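Residue numbers (the working numbering): 316 to 681.
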């Protein structure tokens, strides 16, 4: 009897071990199968883009060390964005640098290096330096600025230690999606008496990437396959204008045709219209985002929020803003809001794009 009991107990133990082993094997198999399954959940990418950011002169003086002040009231509109882009329209350096004022230009823009903390309140992670002020303090000013931004995890495009560096693609990876940026300016050769002060980069000279079609289309062809989406930042247009030139529109279309997925424009200091060309966004000019210019129209601003789903352009949202007291950017209200809305609707309609109001913002119409 005892022997039978022992045999039964032993059999139960063996069966238990076998059952446990089968259960573990099943769980492992299910886990392995699960790991191999790709979910069909769409991947959403959000990009916030703004225009000219100038953190010198009166802006720096008025901000002092209150770095949260300039963008405090608009930070909320960047909170869900994966990429935050802008055009930095000044040198950031603490060094006593010789500028080129009086020799080649009238205005030289420079702010202290700690103004990078203002940028950090938004979380900018890519800035264009391809403009007509980043070389106001020549090579030293440019390199100081690039190094300062790099130490704060902000990538820069459109300028560098030589032409190859200035034309280099910069990539931000979001959820295994590689988003590429290139930057150029058509003000690389304008109004400079001394060839050493020309902002344009060369093979053996630092500076900015010029808006040469040869460079642009070479770079698109070279880099397009290195990223999932490719955006071009262009510092172009005539200042203080609301309408892009025909030559700009033509170039913008050629850039999209060549394989770019969007264009982010700046320099006019005024807002210009947007165009959706072949389902790709072209923002011709985003105005100033923070600047100390006096003209009333230069104080009109906006935040452009772009959404892509599975690497396809999905929507555009424009938040009308206003620069107040040369020291902060706020959401536009009242007559300022109405004026910006009317302007953006009008100038976008001229480009074949309908904008409609929705909850205090502008979005694409049907």
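Glycine included, each C-beta is placed from N, C-alpha and C at the ideal position.
In this text, all values refer to a predicted model and were calculated from it rather than measured experimentally.
In this structure, the CA atom of residue 611 is about 11 Å from the CA atom of residue 654. For the options 429, 412, 616 and 553, the alpha carbon positioned closest to that of residue 454 is the one of 412.
Relative to the Cα of residue 520, the nearest Cα in the group 377, 479 and 580 belongs to 479.
Along the stretch 596-653, the beta strand (DSSP E) occurs as fully enclosed runs of 3 or more residues at 603-605, 615-624, 627-639 and 643-646, listed in sequence order. Scanning its chain for C-beta atoms nearer than 7 Å, with the 5 sequence neighbours on each side dropped, one finds around residue 432 the residues 382, in chain order. When the beta-carbon positions are compared, residue 464 and residue 547 stay at least 9 Å from each other. With fewer than three CB-CB distances shorter than 8 Å, the stretch 562-581 does not count as touching the stretch 639-649. As DSSP reads the structure, residue 402 sits in a beta bridge with 367 and 443. Annotated three-state conformation of residue 581 is strand, per DSSP. The beta carbons of residue 665 and residue 617 sit no closer together than 9 Å.
The three-state secondary structure of residue 658, taken from DSSP, is helix. Pairing residue 473 with residue 676, the inter-Cα distance amounts to about 31 Å. In this structure residue 468 is exposed. Its beta-carbon is surrounded by fewer than 16 other beta-carbon atoms within 10 angstroms. Between residue 606 and residue 368, the CB-CB gap stays under 9 Å. Annotation for residue 496: no alpha helix (DSSP H) segment contains it, though the beta strand (DSSP E) segment containing it runs 492-500.
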